[in-house]
Amino acid sequence: LHKEDITKILVPIVYFIWNGRQNPGRTGLVHIGTFVLLVLSGERTFGVALNKPFKQRLPLDGAPVLTTGNHADLIIILFHKLIVNGSGLYIKLYGCLMTIIANISPYAKSLSL
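Start counting the sequence shown at -6; every next residue gets the next number (our numbering).
The structure is reproduced here in structure tokens:
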């Protein structure tokens, strides 16, 4: 966590959460991804690393497109979509999602939503 660029692992986690959000058979994958983000969000270095600009595009239909923004923007947009379009499958995760946002918010220098 301290030696590597943690954003390299963040994008695949976001990919799997995004990919599994509408498929009830992949609910476990969404839960695991959320809990991994919860553990990572407790680390200061993770919160600081989220300020790195996000210049990629997720290879999925309807995935968030950020023309300007950072990895914190990506996480917040993902959580918004998960709550709004999750069809009630992830109500039990809402507390975790809010905790992740609360954990990373002190380190976010800017949001470009």
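Ideal placement from N, C-alpha and C gives every residue a C-beta, glycine not left out. Values in this document were obtained by computation on a predicted structure and should not be read as measured data.
From the DSSP output, read off the bridge partner residues of residue i.
{"i": "N63", "result": "P46"}
According to DSSP, is residue i helix, strand or coil?
{"i": "K102", "result": "coil"}
{"i": "G155", "result": "This structure does not reach residue 155, given that the chain is present from -6 up to 106, and the question cannot be answered."}
{"i": "Y83", "result": "coil"}
{"i": "I(-1)", "result": "coil"}
{"i": "R19", "result": "helix"}
{"i": "G26", "result": "helix"}
{"i": "R14", "result": "coil"}
{"i": "G40", "result": "helix"}
What residue from the options has the CA that sits closest to residue i's CA?
{"i": "M91", "options": "S34, N78, G81, L82", "result": "S34"}
{"i": "H24", "options": "D(-2), G40, V7", "result": "V7"}
{"i": "H105", "options": "K45, T0, I84", "result": "First, the residue type needs correcting, since residue 105 is Ser and not His in the sequence shown. Looking at the Cα atoms, K45 is the closest of the given residues."}
{"i": "L30", "options": "P99, F47, P5", "result": "P5"}
What whole-angstrom Cβ distance do residue i and residue j have, given they're in contact under 8 angstroms?
{"i": "L82", "j": "T20", "result": "6 angstroms"}
{"i": "F108", "j": "C89", "result": "As shown, the chain starts at -6 and ends at 106. That puts residue 108 outside it, with no answer to give."}
{"i": "G40", "j": "I97", "result": "5 angstroms"}
**Asked** Per the contact definition of three or more C-beta pairs closer than 8 angstroms, is the stretch -1 to 19 in contact with the stretch 68 to 85?
**Response** As far as the Cβ criterion goes, the stretch 68 to 85 touches the stretch -1 to 19, which means the pair count is three or higher.
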